[in-house]
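Residue numbers (this note's numbering): 14 to 100.
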Amino acid sequence: MAFIKIDNIVVNTNYIAAIRLEGRNRSEEESVSLLIAIPSTSLFQEDRISSNLYHYEWIEFTGDSAKALRDYFTSFNNVIDLLPLYH
């Protein structure tokens, strides 16, 4: 289990479901968005089987936070590109 700190938010990287590296918000500022999978309470109850084990929420970052996230998630030390670009 790893954690990353973004401004005043600490994210458990096990719960990051997806990352949108290229984006723009309404003010046309560059942004990075994380799709966070938040475990629901039924996940911890063994007697229940539910298809809705997680609540998903997009969190958008801009400015220095977006740049730091883009750098982190495009670093060869942190991410393995499964579909490399061939020229």
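No residue lacks a Cβ here, since even glycine has one placed at the ideal position from N, Cα and C.
| query | result |
| --- | --- |
| Reduced DSSP category for Ala79 - H, G, I as helix; E, B as strand; rest coil | helix |
| Buried or exposed (CB count within 10 angstroms, at least 16 for buried), Leu34 | exposed |
| Glu73 to Phe16 span [Cα, whole Å] | 17 angstroms |
| Exposed unless 16 or more other CB atoms sit within 10 angstroms - verdict on Leu82 | buried |
| Cα-Cα separation, Leu56 to Ala30 | Confidence at Leu56 is low in this model, with a pLDDT of 48, below 50, so the placement of that residue is unreliable and no value is reported for it. |
| Cβ shell of Tyr67 (< 7 angstroms), same chain only, five flanking positions each side left out | Ala50, Ile51, Pro52, Ser53 |
| Within 8 angstroms, strictly: CB atoms of Ser78 and Asp20 | yes |
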